[in-house]
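S.K.: Using the numbering used here, the letters of the sequence shown map in sequence onto residues 4 to 210.
Every residue gets a Cβ at the ideal spot worked out from N, C-alpha and C, and that includes glycine.
Just so we're clear, the structure is a prediction, and the values are computed from it rather than from any experiment.
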Amino acid sequence: MHHNPSFRKAKDQQNIKFVRKRSFGALTINGDNGPLISHIPFQLSEDGMYVEAHLVRSNPILSALRSGPLDAVIAVSGADGYISPDWYGLSNQVPTWNYVAVHLRGQLRVLPQEELHGILERLSVSMEVRLAPKPVWNMEKIPVGMVKKMMRMIVPIAFDVGVLEGTWKLGQNKPNAARLAAVDGVSVTDMGLETDTLAALMKCPPC
Numbered sequence: 004m005h006h007n008p009s010f011r012k013a014k015d016q017q018n019i020k021f022v023r024k025r026s027f028g029a030l031t032i033n034g035d036n037g038p039l040i041s042h043i044p045f046q047l048s049e050d051g052m053y054v055e056a057h058l059v060r061s062n063p064i065l066s067a068l069r070s071g072p073l074d075a076v077i078a079v080s081g082a083d084g085y086i087s088p089d090w091y092g093l094s095n096q097v098p099t100w101n102y103v104a105v106h107l108r109g110q111l112r113v114l115p116q117e118e119l120h121g122i123l124e125r126l127s128v129s130m131e132v133r134l135a136p137k138p139v140w141n142m143e144k145i146p147v148g149m150v151k152k153m154m155r156m157i158v159p160i161a162f163d164v165g166v167l168e169g170t171w172k173l174g175q176n177k178p179n180a181a182r183l184a185a186v187d188g189v190s191v192t193d194m195g196l197e198t199d200t201l202a203a204l205m206k207c208p209p210c
């Protein structure tokens with residue numbers, strides 16, 4: 004995460020909206036033998052203070068949680084792309100990479116197993132409603148025996164958010180004309196992820 008104040012001007016609500024829309028990130032803790040990372044879907048509460056998710060029972064993060072709650076980070080990435088210094092139309096520039104990312108820092112804990120069904124149901128519904136007019140898929144479409152077997156293999160977890168940090172590195176530290184010139188470059192390259200989205204964000208970054 005870049006700590007330049009120019010890239011930290013997004014309001015909390017904008018960061019929360021981004022994370023809730025993305026609903027996927029890298030959960031990280033410090034394990035006994037080094038960092039442990041799992042890429043997981045999750046659901047963030049509307050106020051940005053609480054995450055619910057699940058992990059497969061064999062995940063080493065769950066083993067680490069046997070002794071109790073642990074400090075953790077969920078890193079959520081968005082659009083990103085390479086920026087050539089030639090695009091700015093300025094001298095003495097260097098290459099860089101623009102991106103959007105939000106980090107959630109807080110405490111990770113295991114939830115009672117009986118909460119798992121509700122967590123799975125809420126997560127799937129939150130995804131399915133975005134696919135309208137397709138009818139919403141729900142867990143009732145799976146045979147009961149299969150549901151029970153699946154649920155024995157996964158464990159519900161909660162993450163209490165203490166700090167939410169967003170970096171929207173979109174060229175705000177450059178003159179407007181230079182930043183907009185770089186937009187044209189980003190728009191015709193595929194050196195990154197969702198470069199069309201990145202270009203649109205660079206046109207009107209948080210301020």
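How far does the alpha helix (DSSP H) with ALA203 in it extend, from its first residue to its last?
M.R.: Along the sequence shown, one-based indexing puts residue 203 at 200. Run containing ALA203: 198-206, per the alpha helix (DSSP H) assignment.
S.K.: With a CB to CB cut of under 7 Å and the five nearest residues on each side skipped, what residues in its chain are close to VAL59?
M.R.: As a first step, residue 59 must be located in the sequence shown, where it is residue number 56. Cβ neighbours of VAL59 beyond the five flanking positions: MET156 and ILE157.
S.K.: Below 7 Å CB to CB, which residues in the same chain sit around LEU173 once its five sequence neighbours on both sides are set aside?
M.R.: In the sequence shown, residue 173 corresponds to position 170, counting from 1. For LEU173, where only same-chain residues beyond five positions count, the Cβ hits under 7 Å are ASN101, LEU204, MET205 and PRO208.
S.K.: Taking the continuous alpha helix (DSSP H) assigned at GLU168, which residues delimit it?
M.R.: Translated into positions along the sequence shown, residue 168 becomes position 165. Element bounds for GLU168: not the alpha helix (DSSP H) but the beta strand (DSSP E), 157-172.
S.K.: Looking only at C-alpha atoms, which of VAL22, LEU68, TRP140 and ILE64 sits nearest to GLN46?
M.R.: For the purposes of this step, residue 46 is taken as residue 43 along the sequence shown, with counting starting at 1. Comparing Cα-Cα distances from GLN46 to each of VAL22, LEU68, TRP140 and ILE64, the minimum goes to VAL22.
S.K.: What whole-angstrom Cβ distance do GLY109 and VAL164 have, given they're in contact under 8 Å?
M.R.: Start at 1 with the first residue of the sequence shown, and residue 109 comes out as number 106. Start at 1 with the first residue of the sequence shown, and residue 164 comes out as number 161. Their Cβ separation, rounded to whole angstroms, is 4 Å, which keeps GLY109 and VAL164 in contact under 8 Å.
S.K.: State the CB to CB distance for the pair HIS5 and THR170, rounded to an integer number of angstroms; the pair is presumed to be in contact (CB under 8 Å).
M.R.: Numbered from its first residue, the sequence shown carries residue 5 at position 2. Numbered from its first residue, the sequence shown carries residue 170 at position 167. Yes, HIS5 and THR170 are in contact; Cβ-Cβ is about 5 Å, under 8 Å.
S.K.: What's the gap between the Cα of SER127 and the Cα of TRP140?
M.R.: Within the sequence shown, residue 127 is the residue found at index 124, counting from 1. Within the sequence shown, residue 140 is the residue found at index 137, counting from 1. For SER127 and TRP140, the distance between alpha carbons rounds to 8 Å.
S.K.: Can you confirm whether the segment 53-73 touches the segment 116-126 when touching is taken to mean that 3 or more C-beta pairs between the two stretches lie within less than 8 Å?
M.R.: A contact exists between the segment 116-126 and the segment 53-73.
S.K.: Quick one: grab the DSSP three-state call for PRO63.
M.R.: Within the sequence shown, numbered from 1, the residue matching residue 63 stands at position 60. Helix at PRO63.
S.K.: Taking the alpha carbon of ALA29 as the reference point, which residue from ILE64, GLU143 and MET154 has its own alpha carbon closest?
M.R.: For the purposes of this step, residue 29 is identified with residue 26 of the sequence shown, where counting begins at 1. Checked all of ILE64, GLU143 and MET154; the closest Cα to ALA29 is ILE64.
S.K.: Less than 9 Å between the beta carbons of ASP83 and GLU197, yes or no?
M.R.: For the purposes of this step, residue 83 is identified with residue 80 of the sequence shown, where counting begins at 1. For the purposes of this step, residue 197 is identified with residue 194 of the sequence shown, where counting begins at 1. Cβ atoms of ASP83 and GLU197: closer than 9 Å.
S.K.: Apart from the five residues just before and just after PRO88, which ones in its own chain have a Cβ nearer than 6 Å to its Cβ?
M.R.: In the sequence shown, counting from the first residue as 1, residue 88 sits at position 85. Cβ within range, chain order: GLN96, VAL97 and PRO98.
S.K.: Return the first residue and the last residue of the alpha helix (DSSP H) that ILE86 is part of.
M.R.: On the sequence shown, position 83 is the one that residue 86 refers to. No alpha helix (DSSP H) holds ILE86; the beta strand (DSSP E) holding it covers 73-86.
S.K.: What are the boundary residues of the alpha helix (DSSP H) that includes GLN16?
M.R.: On the sequence shown, residue 16 is found 13 positions in, with the first residue counted as 1. Per DSSP, GLN16 belongs to the alpha helix (DSSP H) from 15-25.
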